[in-house]
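Here the structure comes first, spelled out in structure tokens, and everything after it is commentary.
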Amino acid sequence: MLTKISLTFGSRQILQSIIDKYPERHFKLMQATTHTRKLALFDLSGKDTIFQSPVKLTTLDATLDAQLNGMFYYQSFQVNGDRQKLLYNTLQKVLTEPADMNGGYMLSVDNKVEATTLVLLTAWADFETLTAWKESETFTSLKNFTSMGSDNSYYDEIYKPIF
């Protein structure tokens, strides 16, 4: 199981130069589906980041066989106070309930400013499987945390692999 994941954003040329410079790393070059010009490079090597401007994530929990193959669904949750523990328990439950996901990780953002931000990174074979999960009871348990409010911020993005 990966203990840390990092990612960065940039142009195809810049991200490809990083891939070429570090061939020993396990990178996934991904394209956002809603912002198609937005490219992300995920470092799944588990090593310390080599990125200049990284988003560093630390693993808190994972599915039993957490394979990050296929498309990624990145969800970032930040809640205040008492809801933090409820969110943590809800994300943990999502990872333990059977779903057709290829794998999933619950992560914390590794910087002081966003230390209370939790990330759910799941991998899916295709849009249809992800869409079916988003209509399931398991996903419904997350709905309390997916709306913006005074005590809650949420961001999500679907990334598809670039080959």
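Just so it is clear: in the sequence shown, position 30 is 30 by UniProt numbering, and no numbers are missing.
Just so it is clear, CB atoms sit at the ideal spot from N, CA and C, and this is done for glycine as well.
Quick one: is residue i buried, meaning 16 or more other Cβ sit within 10 Å of its Cβ, or exposed?
i      : result
Lys28  : buried
Ile5   : buried
Met1   : exposed
Ala125 : exposed
Gly149 : exposed
Tyr155 : exposed
Asp43  : buried
Ser76  : buried
In terms of DSSP beta bridges, what is residue i paired with?
i           : result
Thr122      : Tyr73, Gly104
residue 183 : Absent from the structure is residue 183, since the part of the chain shown begins at 1 and ends at 163.
Met154      : Looking at the sequence provided, one finds Tyr at residue 154 rather than Met. Its beta-bridge partners are Phe77.
Lys160      : Gln31
Ile5        : Leu57
Going by Cα to Cα distance, which pick from the options is closest to residue i?
i      : options                        : result
Phe127 : Asn144, Leu120, Met106, Glu157 : Glu157
Pro23  : Met30, Leu39, Gly104, Ile50    : Ile50
Met30  : Ser17, Asp48, Gly104, Phe9     : Phe9
Ala40  : Gln13, Ser150, Thr58           : Gln13
Ser147 : His26, Thr122, Gln78, Asp65    : Gln78
Met71  : Ser150, Leu86, Leu121          : Leu121
Tyr74  : Ala99, Thr131, Val119          : Val119
Ala99  : Asp110, Leu87, Thr131          : Thr131
Arg25  : Leu15, Thr36, Ser11, Gly46     : Gly46
Asp110 : Gln16, Thr36, Asp48            : Asp48
Asp151 : Ile162, Leu87, Thr3            : Leu87
Arg37  : Ser17, Gln16, Lys21, Ser11     : Ser11
Between residue i and the rest of its own chain, which residues show a CB-CB distance below 7 Å, the 5 nearest in sequence each way excluded?
i      : result
Leu60  : Met106, Leu107, Ser108
Leu84  : Contrary to the premise, residue 84 reads as Gln rather than Leu in this sequence. For Gln84, where only same-chain residues beyond five positions count, the Cβ hits under 7 Å are Thr116.
Lys160 : Met30, Gln31, Thr33, Met71
Leaving out five residues before and five after residue i in sequence, what residues of the same chain have Cβ atoms less than 8 Å from its Cβ?
i      : result
Ser141 : Thr90, Lys93, Val94
Gly103 : Ala62, Thr63, Asp65, Ala66, Gln67, Leu68, Asn69, Thr122, Ala123
Leu7   : Ala40, Leu41, Phe42, Asp43, Phe51, Pro54, Val55, Leu57
Asp82  : none
To which residues of the same chain is residue i closer than 6 Å at the C-beta, ignoring the five residues directly before and after it?
i     : result
Glu97 : Thr138
Is it the case that the stretch 133–145 contacts the stretch 52–59, given that we only count it when at least three CB pairs across the two stretches are under 8 Å? Touching, no.
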